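Worksheet for the structure shown next.
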Amino acid sequence: MSDVASDVIAVIAKKKRVDKPTVELSDRLADLGLESLDAVEMIFDLEEKFDVQIPYNANSANVKTEFDTVGDVVAAVEKLVAQKTS
Amino acid sequence: MLVRDIAKALGAELDGDGDIAVDRLVHPAQAEGAADLALATSAQAAAALEETKASAVVVGAAAPRPNRAFAALIAVAEPRIALAQLTALFDSGPRQERGVHPSAIVAADAELGADVSIGAYAIIGPGCRIGAGTTIMPQVSVGAAATIGARGLIHSGVRIGHDCRLGDNVIVQANAVIGADGFSFAPDLMSVAAFTAAIKVQRVHSLGHVVIGDDVEIGACTTIDRATLEATQIGRGTKIDDHVHIGHNVIIGESCILCGMVGVSGSVVIGNRVRIGGGVGIADHTRIGDHAVIAAGSGVATNVAAGTFVSGYPAIPHQRSIEQQLYLGRQRRLHDRVGAMASRLEELERIVEQVVKK
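If you read the protein sequences in the order shown, they are chains A and B.
Going by this note's numbering, the letters in the first sequence line up with residues -7 to 78, in that order.
Going by this note's numbering, the letters in the second sequence line up with residues 150 to 507, in that order.
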């Protein structure tokens, strides 16, 4: 697993509201019990950690639809980190 | 109660012996023997089934079946609905005798329906009407000419003011107050400066009353003020949690949900099936449309359109609220970046100035 993936998982693990010992890339954010404000805090944490700005379109309704699974978040962050370093 | 009858009441399939008699509904870990029906519709309770002493269990039909066998197993399609039905079946109520307790004071002209129960030290004022099957617990007071419908349950210490009207099947939890005077004074002071020492604040009296529809539930210590001239109204099926305040002239529609510590100012109009989270404050004279949802802790300062989900203070549509949170959270980084840009700009200006001088 990439460093980004383990960092993203650590951030999401702090926010999850369900009693589940591990967070997997295939887990859906909704199934981990992340509410909209949890997702906002998740974005703050990730932006701070990786010094990127995660695109968020408020008009497309909620973060949960933009990022369905933990893997989606990892992919988005990895892309932003790659853009920053290139 | 026979397990067979319970399964039938739930409309659920029964696997095993329907003749087991149970008299308690418990968490699987709390079961002491065959007379206990273990309810295991959550994942956590289902895990406790492995060790339970119960012989009869209720599980969710969609959940994996328990590893061990039970003498009777009821599988329910909708666990939350089954919880409502089961708790109703096993609720023995407040266990107060029917009839009027000798220490209760009931006005001579009060009309009591069949099978009412009036608890110790309750006071029923002149001209009151209490519907058939209603239970009034100890130390309740019902003011003059107030009416309570049939099959109601009024818990201890509730105060129902004069002329207030409650529908059928209304449950009022302990120490709620229905029909206090409205918080209304004159003149209207619309500016900070207007409230001078010369102003004499005058009381606006509350001549109205409160009308509560059928199937309404009112929480403990909740207070509902009477109207100035007409009626403060709570629509049929609305459920109000503990410690909610509802001001004078408020009109609430049908089947709304108001969670604890909500404060509704005077003359607010709330539509049907509106859900209001805990601790929400609503400014006076605002209108909340049908089906609106207001997130916990919001402060509603303006009208809320039907079907919208609002949050925050002031309450705005939730997605905008979330967007604002995002921008607020990014402010520090924005500030740092603008600071860095300003330094570079100053440096550039200095260079340009030097180039121009040459």
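Ideal Cβ positions, reconstructed from N, Cα and C, are used throughout, including at glycine.
As the structure is a prediction and not an experimental result, all values here were calculated from the model.
Partner residues on chain B for Val69(A), Cβ-Cβ distance less than 8 Å: Within chain B, no residue has its CB atom less than 8 Å from the CB of Val69(A), the nearest being about 16 Å off.
Val365(B) - partner residues in DSSP beta bridges: DSSP output for Val365(B) lists no bridge partner at all.
Burial state of Thr387(B), where buried means 16 or more other Cβ atoms lie within 10 Å: Buried, by the Cβ-count rule.
Option nearest Ser290(B) by Cα separation, candidates Ala231(B), Val350(B), Ala259(B) and Ala263(B): Ala259(B)
Listed by chain order, chain B residues near Ile4(A) by CB distance under 8 Å: In chain order: nothing, as chain B lies at least about 17 Å away.
At least three beta-carbon pairs within less than 8 Å, the region 422 to 441 of chain B to the region 469 to 479 of chain B: no
Below-9 Å beta-carbon distance, His467(B) vs any chain A residue: Yes, contact with chain A.
Proximity winner among Ala218(B), Ala189(B) and Leu198(B), relative to Gly226(B) (alpha-carbon distances): Per the sequence presented here, residue 226(B) reads as Ala, with Gly not at that position. Measuring from the Cα of Ala226(B), the nearest candidate turns out to be Ala189(B).
Buried or exposed (CB count within 10 angstroms, at least 16 for buried), Lys12(A): exposed
Meets three-Cβ-pair contact criterion under 8 Å: the region 310 to 326 of chain B and the region 276 to 296 of chain B: yes
Extent of the continuous alpha helix (DSSP H) to which Glu128(B) belongs: A query on residue 128(B) cannot be resolved here, the shown segment of chain B reaching from 150 to 507 and no further.
Asn318(B) classed as buried or exposed, judged by whether at least 16 other C-beta atoms fall within 10 angstroms: buried
Chain B within 9 Å of Phe36(A), Cβ atoms only: yes
Gln474(B): contacting residues in chain A (beta-carbon distance under 8 Å): Leu29 and Val32
Glu58(A) at chain B interface by Cβ criterion, 9 Å: no
C-alpha distance - His354(B) paired with Pro251(B), whole-angstrom precision: 36 Å
Exposure of Pro228(B), with buried meaning 16 or more beta-carbon neighbours within 10 Å: buried
heavy atom of the ligand NAP below 8 Å from Phe219(B) C-beta: Absent from the structure shown: the ligand NAP. Ligands present: none.
Nearest residue (CA-CA) to Asp185(B), options Ile327(B), Gly209(B), Phe219(B) and Gly488(B): Phe219(B)
Same chain only: Cβ atoms within 8 Å of Arg385(B), ignoring 5 sequence neighbours per side: Gly316, Gly362, Asp363, Asp364, Val365, Glu403 and Ser404
Chain-ordered neighbours of Gly384(B) on chain A, where CB pairs are closer than 8 Å: Those do not exist, as Gly384(B) stays about 29 Å from chain A at its closest Cβ, beyond 8 Å.
Cα-Cα separation between Gly25(A) and Asp485(B), rounded to whole angstroms: Cα to Cα, the separation comes out at about 33 Å.
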